[in-house]
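Novice: The structure that follows is given in the form of structure tokens.
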Amino acid sequence: MPRLEVDSGLLSDPIASQAAPGEVPPELPLGASAAQGAIWRIGGQVAKIILQLGSLCYLSRVLSPSDFGVVYFGLAFIGIGQLFVVIGPASAIIQAPNLVADDIARIIALNAAISFVVACVIAAASYVMMPNAEMFDVIVALAIAFFLSSFAMAPLALLQRALRFRLLAIAETSIYAATNVVLVVALAQAGHGAMSLAIGHLCNATLLVVVLFSAAPIRWTPRWSDLRGFNLIQKFGLAVSLAELAYYLLVNVDVLLVGRFLGTEAVGFYSRALYLIRTPANALLVSVHVVFFALMARVSTEAERIRDFYVRVVSLSLALLTPAALFLCAYAFPLIRLLFGNDWLETANLLQVFSFLLLAAVSTIGDAVLKATANVRSQIICRLTALCISVVATLIALPYGLRAVAYASLLTNLVLAASIHYVVSRVIDLNASNQLRLFRPAAIIGVLTTVTLWALDSLLERMRPDELVQLSCGAIAVVAVAAGALFIPDIAMQAIRGDLTKIASRLLSGRVRPDVRVTTIPSS
Numbered sequence: 216m217p218r219l220e221v222d223s224g225l226l227s228d229p230i231a232s233q234a235a236p237g238e239v240p241p242e243l244p245l246g247a248s249a250a251q252g253a254i255w256r257i258g259g260q261v262a263k264i265i266l267q268l269g270s271l272c273y274l275s276r277v278l279s280p281s282d283f284g285v286v287y288f289g290l291a292f293i294g295i296g297q298l299f300v301v302i303g304p305a306s307a308i309i310q311a312p313n314l315v316a317d318d319i320a321r322i323i324a325l326n327a328a329i330s331f332v333v334a335c336v337i338a339a340a341s342y343v344m345m346p347n348a349e350m351f352d353v354i355v356a357l358a359i360a361f362f363l364s365s366f367a368m369a370p371l372a373l374l375q376r377a378l379r380f381r382l383l384a385i386a387e388t389s390i391y392a393a394t395n396v397v398l399v400v401a402l403a404q405a406g407h408g409a410m411s412l413a414i415g416h417l418c419n420a421t422l423l424v425v426v427l428f429s430a431a432p433i434r435w436t437p438r439w440s441d442l443r444g445f446n447l448i449q450k451f452g453l454a455v456s457l458a459e460l461a462y463y464l465l466v467n468v469d470v471l472l473v474g475r476f477l478g479t480e481a482v483g484f485y486s487r488a489l490y491l492i493r494t495p496a497n498a499l500l501v502s503v504h505v506v507f508f509a510l511m512a513r514v515s516t517e518a519e520r521i522r523d524f525y526v527r528v529v530s531l532s533l534a535l536l537t538p539a540a541l542f543l544c545a546y547a548f549p550l551i552r553l554l555f556g557n558d559w560l561e562t563a564n565l566l567q568v569f570s571f572l573l574l575a576a577v578s579t580i581g582d583a584v585l586k587a588t589a590n591v592r593s594q595i596i597c598r599l600t601a602l603c604i605s606v607v608a609t610l611i612a613l614p615y616g617l618r619a620v621a622y623a624s625l626l627t628n629l630v631l632a633a634s635i636h637y638v639v640s641r642v643i644d645l646n647a648s649n650q651l652r653l654f655r656p657a658a659i660i661g662v663l664t665t666v667t668l669w670a671l672d673s674l675l676e677r678m679r680p681d682e683l684v685q686l687s688c689g690a691i692a693v694v695a696v697a698a699g700a701l702f703i704p705d706i707a708m709q710a711i712r713g714d715l716t717k718i719a720s721r722l723l724s725g726r727v728r729p730d731v732r733v734t735t736i737p738s739s
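The working numbering runs 215 ahead of the 1-based position in the sequence shown.
Rendered as structure tokens:
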């Protein structure tokens, strides 16, 4: 009996596997597949954010801050462990050009061993550090959830490799709503405190494993031989994990330094401004990263096709995010007053600076290219360099206040984005024409948006409306400018219009003319 059995359609090219022996694989509308996958992924993330915000508003009135603190304490350590047992190995499975069952068996075995050891260490440390039994029970439940989630990695990666993002979005959102919202709210209302949050995470991990194994059946027989040696796929997964660890430290080091030198109140203002920026950025760009990494990994040897996708996606992302960044910068104060009140106005000062992090976040698309083309070493070097710059810049800026620290963080992220783009340009050979096509739409829309917001601000200053009217007028103006700019007779704008037309056609009719083909990846 083999040690692992898996559907062969999940190992080979999902399009080529549909053809009969000797037949030419059918054409795949790769651009349409990218749009459809991104839409489902972004839709699922937006739904989860709405559910999360709604449940947090209610749970904040039922649970104490200490209840959330205990859970977040455990999740902080578990988040680092997930870099090595979920993100890295999953990326290796998606990127591998020739994936066989033995590779998956070795990765599952190594993941199970690592996650079991990490879970035991977390539980043992909590037994020593936690002052009471209730906190210990919470950490143990989170550790068990972490161990179970490691088994969801393989089917999750195989489904992403097979481009089944619709199934993943529906499954993840439904499970999150049932466990982390309905179940947690019911348990919290019943008086279970922090344990209600931990049980929600545990049930979420359990249901996710069951659903994913049902969608991607894997029958695995554990063997000690699976733990011996390190093949190329596992080495690639380890490299991705190290790159993600460097990024994890990069996005948290400034918060840690602010808390150490400026106090908890400063951390509150600083982290709230970052949350307002990173939440929509993660919902949009991280979702696009996941989808396009899976797609570009299938054509990793075709630089021309990757170059075309990279230029189109980055152009479209910058064109959409530039007016959003300018809007947040211009209307930070009325937005914060409307959402949180006058006590949080310091956050508005920071939000004006952090709004341009939306543009730097586009570098996540370049990260997808580097992973798909197995250039993770360059990615690690870029992130470690940015981490060093972040530490030095933050320490220099701390004596000058939070706004100076925000500028230091923005500078670090812009340096990281520029370095990632430079490496990607070398990998896929971007020429001057492509560079112009990449940034020209955002530049045009940025100028038009700035002029429009300046004129609107001059008009509203005489009328003195309330915050809601200001925000509504600003949002309408930004959307109108962005939409109108797409009709400028410019080559780059025409490319973006074509992308948006394909997305709209996919949504309305479900059919888009096939325009490219995927190269068949031989399976062992």
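Cβ coordinates follow ideal geometry from the N, Cα and C atoms, glycine included.
Measure the C-alpha to C-alpha separation of L651 and A386 and round it to an integer number of angstroms.
Specialist: 40 Å
Novice: Tell me, which residues are paired with I308 by DSSP?
Specialist: Note: I308 sits in no beta bridge, so no partner.
Novice: With a cut-off of 8 Å on the beta carbons, I'd call V591 and A458 a contact; round off their distance for me.
Specialist: 6 Å
Novice: With three or more beta-carbon pairs closer than 8 Å as the criterion, would you say the segment 414-421 touches the segment 349-368?
Specialist: They touch, by the three-pair rule.
Novice: State the Cα-Cα distance for the pair V741 and G408, rounded to the nearest angstrom.
Specialist: No information on residue 741 is available, as it lies outside the stretch 216 to 739 that the chain covers here.
Novice: Between which two residues does the alpha helix (DSSP H) holding D523 run?
Specialist: Per DSSP, D523 belongs to the alpha helix (DSSP H) from A518 to A545.
Novice: Can you list, in chain order, the residues of its chain whose CB lies under 8 Å from that of M350, leaving out five sequence neighbours each side?
Specialist: V285, S341 and A409
Novice: Could you check the C-alpha separation between P656 and L535 for me, to the nearest Å?
Specialist: Rounded to the nearest angstrom, the two C-alpha atoms are 10 Å apart.
Novice: So, do the segment 594-610 and the segment 547-560 have three or more beta carbon pairs nearer to each other than 8 Å?
Specialist: no
Novice: In the DSSP assignment, find the unbroken alpha helix (DSSP H) run with G581 in it and report its ends.
Specialist: S578 to A587
Novice: Give me, in chain order, the residues of the same chain whose beta-carbon lies closer than 6 Å to that of G289; leave out the 5 immediate sequence neighbours on both sides.
Specialist: Only I354 and L357 meet the Cβ criterion.
Novice: Can you name the start and end residues of the alpha helix (DSSP H) that G415 belongs to?
Specialist: G415 -> alpha helix (DSSP H) spans A409 to A430.
Novice: Could you compute how far the alpha carbon of M511 sits from the alpha carbon of D523?
Specialist: 11 Å
Novice: Kindly give me the distance between the Cβ atoms of Q375 and V584, rounded to whole angstroms, as I take these residues to be in contact under 8 Å.
Specialist: Going by Cβ atoms, the distance from Q375 to V584 rounds to 17 Å, so no, they are not a contact pair.
Novice: Suppose the cutoff is 7 Å on Cβ atoms and the five residues either side in sequence are ignored; what does the same chain contact list for S292 look like?
Specialist: Looking at the sequence shown, residue 292 is not Ser but Phe. Contacts found: I337.
Novice: Can you list, in chain order, the residues of its chain with a C-beta nearer than 6 Å to that of D282? Leave out the 5 residues immediately preceding and following it.
Specialist: G408 and A409
Novice: Between the C-alpha atoms of S640 and N646, what's the straight-line distance to the nearest angstrom?
Specialist: 8 Å
Novice: Can you tell me where the alpha helix (DSSP H) with R379 in it begins and where it stops?
Specialist: Going by DSSP, R379 is part of no alpha helix (DSSP H) at all; its letter is neither H nor E.
Novice: Assuming the contact rule is C-beta atoms closer than 8 Å, A540 and S578 should be a hit. Round their C-beta distance to whole Å, please.
Specialist: Actually they do not touch by this definition, with Cβ atoms about 14 Å apart.
Novice: Just curious, the alpha helix (DSSP H) that V514 is in, first and last residue?
Specialist: Premise fails: V514 is in no alpha helix (DSSP H) and is neither H nor E.
Novice: Determine the extent of the alpha helix (DSSP H) in which N564 is found, giving its start and end residues.
Specialist: L560 to F569
Novice: Just how far apart, CA to CA, sit L631 and C597?
Specialist: C-alpha separation (whole angstroms): 6 Å.
Novice: Within 10 Å of its beta-carbon, does L476 have 16 or more other beta-carbons around it, so buried, or fewer, so exposed?
Specialist: The question names Leu, yet the displayed sequence has Phe at residue 476. Label assigned to F476: exposed.
Novice: Let's test the definition: count the other Cβ atoms within 10 Å of the Cβ of P236 and tell me whether it reaches 16, buried, or not, exposed.
Specialist: Interpretation of P236 is limited by its pLDDT of 37, a score under 50 that renders its predicted location unreliable; the figure taken from the coordinates is listed afterwards. Counting of Cβ neighbours within 10 angstroms places P236 among the exposed residues, the total staying below 16.
Novice: Going by beta-carbon coordinates alone, are L373 and I308 separated by less than 8 Å?
Specialist: yes
Novice: Can you give me the start and stop residues for the alpha helix (DSSP H) that S279 sits inside?
Specialist: It is not in any alpha helix (DSSP H) - S279 carries neither H nor E in the DSSP assignment.
Novice: Report the rounded CA-to-CA distance for L363 versus R618, giving the unit in angstroms.
Specialist: 42 Å
Novice: My assumption, with CB atoms under 8 Å, is that P496 sits in contact with A576. Please give the rounded CB distance.
Specialist: The displayed chain sequence assigns Ala, not Pro, to residue 496. Rounded, the Cβ-Cβ distance is 4 Å, consistent with contact.
Novice: Cutting at 7 Å between CB atoms, please list the residues of its own chain near V568, excluding the five before and the five after it.
Specialist: R618, A621, Y622 and L625
Novice: Could you check whether V424 and F380 sit closer than 8 Å to each other, using their CB atoms as the reference points?
Specialist: Contact: no.
Novice: If you compare alpha carbons, which of A320, R487 and C688 is closest to L565?
Specialist: R487
Novice: Give me the Cα-Cα distance between I323 and V277, rounded to the nearest whole angstrom.
Specialist: 39 Å
Novice: Helix, strand or coil: which one does DSSP assign to G689?
Specialist: helix
Novice: Go ahead and pull the three-state DSSP assignment for A405.
Specialist: Coil.
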